[in-house]
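Accompanying notes for the structure given below.
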Amino acid sequence: MRYDAITLFPDMFDALSAHGVTGRAHQMGLWRLKCWNPRDFTHDVHRTVDDRPYGGGPGMVMMAGPLEKAVRAAQQDRGDDAPVVLLSPTGQGFNQGLAQEWAAGSGAILVCGRYEGVDQRFIKRCVTHEVSLGDFVLSGGELPAMVMMDSVVRLLPGALNDAESARQDSFNAALTGLLDSPHYTRPEIYENEAVPAELLSGHHARIARWRRDQSLALTLGRRPDLLERAREQGLLSKHDEAFLAGLSQTER
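Below is the structure:
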């Protein structure tokens, strides 16, 4: 898998390729990263990549030319038809399902915008996908790009020491899209609070049921929309529904 980042700040991506799970996976050759700075595709002495918006208004807009040249260079270097993804507040919401879908692919070219936005003509000519992390605005697309790559790379076979770790992530299909259950480790008693007895039982079915029930309860309390989606998709068992009904009666 290979990712190419079109960015004015390539050094920011060292945090991804040199540290943690993604850094180890990069060292193992599970994925590659190449950054392309639009300033390297300019021809004026100031290496200009932005200008004032037509129609007036505050801020600056990234110019189409340097961005397109950077993308074309990345495409030629890759030699494939990888998607060109613009990190944008107007894009499709990024989620775990999309991360799992991308983990099965060969990577992408990620365009990290800056300033007030990107010239729409570049978007029409080059961008195949627009993706957003959520309903908020950041200073640029670098952080969202790194977040997305992190979520994808950790799903690659061999990236995690235990492949089952990813299956237990919140929003994962293995959890039918619900939130993960709480976790505990040593010591067994911390500040007079003990680890739940179910996790100490050694009974695998009992532990699994406890984790599922905790997942259901947590999702009901914090993200009921995920619970309703799972219900609509027929992913909740009779036991799940009975447990949730018991929670509702308790609340009354």
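Numbering (my numbering), first residue to last: 3 to 254. For glycine and all other residues, C-beta sits at the position ideal for the given N, C-alpha and C.
Residue of G57, P226, H185 and A110 minimising C-alpha distance to M148: Locating residue 148 in the sequence shown gives position 146, where the first residue counts as 1. When only C-alpha atoms are compared, the closest one is A110.
Would you check if the distance between the CB atom of C114 and the CB atom of L89 is smaller than 8 Å? The sequence position of residue 114 within the sequence shown is 112, counting from 1. The sequence position of residue 89 within the sequence shown is 87, counting from 1. Yes, they are a contact pair.
Can you grab the Cα-Cα spacing for the pair P226 / A106, in whole Å? Within the sequence shown, the letter at position 224 stands for residue 226. Within the sequence shown, the letter at position 104 stands for residue 106. Annotation: P226 to A106 spans about 29 Å, alpha carbon to alpha carbon.
State buried or exposed for T130, treating a residue as buried only when at least 16 other CB atoms are found within 10 Å of its CB. Position 128 of the sequence shown holds residue 130. Classification of T130: exposed, given that the 10 Å Cβ count is below 16.
From the beta carbon of L229, is the nearest beta carbon of chain C less than 8 Å away? In the structure shown, chain C cannot be found, because there is only a single protein chain.
Taking 8 Å as the threshold (C-beta atoms), are M62 and D52 in contact? Along the sequence shown, read from residue 1 onward, the residue named residue 52 stands at position 50. Along the sequence shown, read from residue 1 onward, the residue named residue 62 stands at position 60. Yes, they are a contact pair.
Cα separation between G204 and V86? Within the sequence shown, the letter at position 202 stands for residue 204. Within the sequence shown, the letter at position 84 stands for residue 86. Going from the Cα of G204 to the Cα of V86 covers about 48 Å.
Please check the pair V73 and W104, which I expect to be a contact at CB under 8 Å, by giving their CB distance rounded to whole angstroms. As a working mapping, residue 73 is identified with position 71 in the sequence shown. As a working mapping, residue 104 is identified with position 102 in the sequence shown. Rounded, the Cβ-Cβ distance is 18 Å, inconsistent with contact.
By DSSP, does T92 sit in helix, in strand, or in coil? For this step, residue 92 is matched to residue 90 along the sequence shown. Correct three-state label for T92: strand.
Are the Cβ atoms of R54 and R41 separated by less than 8 Å? Counting from 1 along the sequence shown, the entry for residue 54 is found at position 52. Counting from 1 along the sequence shown, the entry for residue 41 is found at position 39. Not in contact: R54 and R41 (Cβ atoms no closer than 8 Å).
Beta-carbon gap between L220 and L246 smaller than 8 Å: The residue given as residue 220 occupies position 218 in the sequence shown. The residue given as residue 246 occupies position 244 in the sequence shown. In this structure, L246 does not lie closer than 8 Å to L220 by Cβ.
May I have a chain-ordered list of the alpha helix (DSSP H) segments no shorter than 4 residues that lie completely inside the region 99-176? 122-128, 144-155 and 166-169
Consult DSSP for R34 and reduce its assignment to one of helix, strand or coil. Position 32 of the sequence shown holds residue 34. It is a strand residue.
So, using beta-carbon positions, are Q94 and S134 closer together than 8 Å? If you number the sequence shown from 1, residue 94 lands on position 92. If you number the sequence shown from 1, residue 134 lands on position 132. Yes, the pair counts as a contact, with Cβ atoms nearer than the cut-off.
How big is the Cα-Cα spacing for F138 and P91? Taking the first residue of the sequence shown as 1, we reach residue 138 at position 136. Taking the first residue of the sequence shown as 1, we reach residue 91 at position 89. Using only the alpha carbons, I get a separation of about 7 Å.
Measuring alpha carbon to alpha carbon, tell me which of D82, D215 and N194 ends up nearest L201. The residue given as residue 201 occupies position 199 in the sequence shown. It is D215 whose Cα lies nearest to the Cα of L201.
If we call anything under 8 Å between Cβ atoms a contact, is Y5 one with W33? The residue you call residue 5 lines up with position 3 of the sequence shown. The residue you call residue 33 lines up with position 31 of the sequence shown. Contact: yes.
Beta strand (DSSP E) containing A20: first to last residue? Within the sequence shown, numbered from 1, the residue matching residue 20 stands at position 18. Per DSSP, A20 belongs to no beta strand (DSSP E) and is neither H nor E.
Under 8 Å by Cβ, that's how I've got M30 and G160 pegged, so tell me the actual separation to the nearest angstrom. Here residue 30 corresponds to residue number 28 of the sequence shown, with the count starting at 1. Here residue 160 corresponds to residue number 158 of the sequence shown, with the count starting at 1. Right, the Cβ-Cβ distance comes to about 7 Å (below 8 Å), so this counts as a contact.
Closer than 7 Å: is that where the CB of G136 sits relative to any heavy atom of the ligand FAD? Of ligands this structure carries none, so the ligand FAD is not represented either.
Which same chain residues end up closer than 6 Å to K71 when comparing Cβ atoms and leaving out the 5 residues on each side of it in sequence? The sequence position of residue 71 within the sequence shown is 69, counting from 1. Result list for K71: F43, in chain order.
List the whole-angstrom C-beta distance separating A66 from R123, where the pair is believed to meet the contact cut-off of C-beta under 8 Å. Here the question's residue 66 lines up with position 64 in the sequence shown. Here the question's residue 123 lines up with position 121 in the sequence shown. The pair is a contact, with the Cβ atoms about 5 Å apart (cut-off 8 Å).
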